[in-house]
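J.:
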Amino acid sequence: MLTPEMKEQYRDVIDQLEELSTGNLSDAMDNLGLQRGVITGLRMLTRSDKKRVVGFAYTMKQMTRHQASEGRKLAKHSEAINKLAAPGDVLVIDAGGRTDVCNGGGLLALRAKTRGLAGFVVNGGYRDIDEINEFGFPIFARAATPVRSTPDLETVGFEIPVEIGGVQIRTGDIIVADGDGVVVVPIKLARPILDEARSIAENEQSLFRMVREGMDFEVAYSKVKL
158 MLTPEMKEQY RDVIDQLEEL STGNLSDAMD NLGLQRGVIT GLRMLTRSDK
208 KRVVGFAYTM KQMTRHQASE GRKLAKHSEA INKLAAPGDV LVIDAGGRTD
258 VCNGGGLLAL RAKTRGLAGF VVNGGYRDID EINEFGFPIF ARAATPVRST
308 PDLETVGFEI PVEIGGVQIR TGDIIVADGD GVVVVPIKLA RPILDEARSI
358 AENEQSLFRM VREGMDFEVA YSKVKL
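With positions in the sequence shown counted from 1, the corresponding number in our numbering is that position plus 157.
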């Protein structure tokens with residue numbers, strides 16, 4: 158778990174990652190010979206006024222209710238949003254990819270926004286998409302569904318490693334998400350990945366400029382290292 162003091166040490170990284178696309182980060186990991194942290198199978202369900210979602214991951218794991226589990230509300234989304242995840246965090250909910258039930262709705266998303274959470278990444282479904290778009294809060298998930306999860310899911314752990322779309326995510330990893338997808342940046346490798354991604358972005362801008370000015374693409378590409 159990252160302490161507030163440790164998070165502050167990476168504040169400059171968070172700020173700079175907001176300017177870099179998930180494509181830049183994916184390419185940077187490739188260039189550095191790292192395991193690519195791109196989550197497959199998620200899409201942007203809702204939008205906000207921010208171009209990109211960047212924040213520290215806070216993980217929670219959902220499973221199908223055990224046959225012996227008692228109680229009505231065993232999926233503890235509200236606890237994670239109200240108390241556990243910190244302002245600026247991205248709540249990562251692993252529901253095993255189930256899209257037949259949701260992992261929250263408009264009220265929880267509004268509460269997350271008022272507490273300052275950066276967004277949700279959900280390995281499962283979510284609902285109240287139109288309502289959430291009215292106030293703006295970014296959610297990346299597998300699908301939208303109107304069906305509540307109360308009879309079906311229970312929370313089995315917070316701050317434990319989860320795997321979504323072939324990528325392991327730990328609390329404290331950095332999540333970067335935009336219209337192209339979701340990337341997980343390991344905190345220990347954040348600075349070299351950031352440096353490489355920034356270099357790629359700068360070279361891409363040079364390439365765009367040359368093409369806008371009328372240069373043949375192949376010629377322009379030969380002048381830029383990507």
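Beta carbons are placed, not taken as given, at the ideal position from N, Cα and C, and that holds for glycine. Since this is a predicted model, take the numbers as computed values, not measurements.
Which two residues bound the contiguous beta strand (DSSP E) that contains alanine 214?
T.: Within the sequence shown, numbered from 1, the residue matching residue 214 stands at position 57. Residues 210-221.
J.: Locate the alpha helix (DSSP H) running through alanine 358, then write down its first and last residues.
T.: Here residue 358 refers to the residue found at position 201 of the sequence shown. Element bounds for alanine 358: 347-369.
J.: Take arginine 268 as the anchor and find which of Phe292, Asp287, Gly314 has the nearest alpha-carbon.
T.: Numbered from its first residue, the sequence shown carries residue 268 at position 111. The option with the nearest alpha carbon to arginine 268 is Phe292.
J.: Provide the residue(s) that pair with tyrosine 283 in DSSP beta bridges, ordered along the chain.
T.: To locate residue 283, count along the sequence shown from 1; it is residue 126. For tyrosine 283, which the question treats as bridged, DSSP gives the partners Ala301.
J.: Can you tell me where the beta strand (DSSP E) holding arginine 200 begins and where it ends?
T.: Counting from one through the sequence shown, the residue named residue 200 turns up at place 43. Unbroken beta strand (DSSP E) run through arginine 200: 200-203.
J.: Over the uninterrupted beta strand (DSSP E) stretch that includes aspartate 206, give me the two end residues.
T.: Counting from one through the sequence shown, the residue named residue 206 turns up at place 49. That residue, aspartate 206, is in no beta strand (DSSP E); it is neither H nor E in DSSP.
J.: Grouping DSSP H, G and I as helix and E and B as strand, with all else coil, what is glycine 322?
T.: Your numbering for residue 322 matches position 165 in the sequence shown. Of the three classes helix, strand and coil, the one that applies to glycine 322 here is coil, per DSSP.
J.: Would DSSP call valine 313 helix, strand or coil?
T.: Indexing the sequence shown from 1 puts residue 313 at position 156. If DSSP states are grouped into helix, strand and coil, valine 313 belongs with the strands.
J.: Name, in chain order, the residues that DSSP records as bridge partners for alanine 334.
T.: Working through the sequence shown from its first residue, we reach residue 334 at position 177. Paired residues: Val210, Val339.
J.: Report all residues from its chain with a CB closer than 6 angstroms to the CB of phenylalanine 297; omit the five preceding and five following residues, and keep chain order.
T.: The residue labelled residue 297 in the question sits at position 140 within the sequence shown. These residues qualify, in order along the chain: Leu199, Met201, Val278, Ala334, Val339.
J.: Per DSSP, leucine 248 is paired with what?
T.: Taking the sequence shown and counting its residues from 1, the one referred to as residue 248 is at position 91. According to DSSP, leucine 248 bridges with Tyr215, Phe277.
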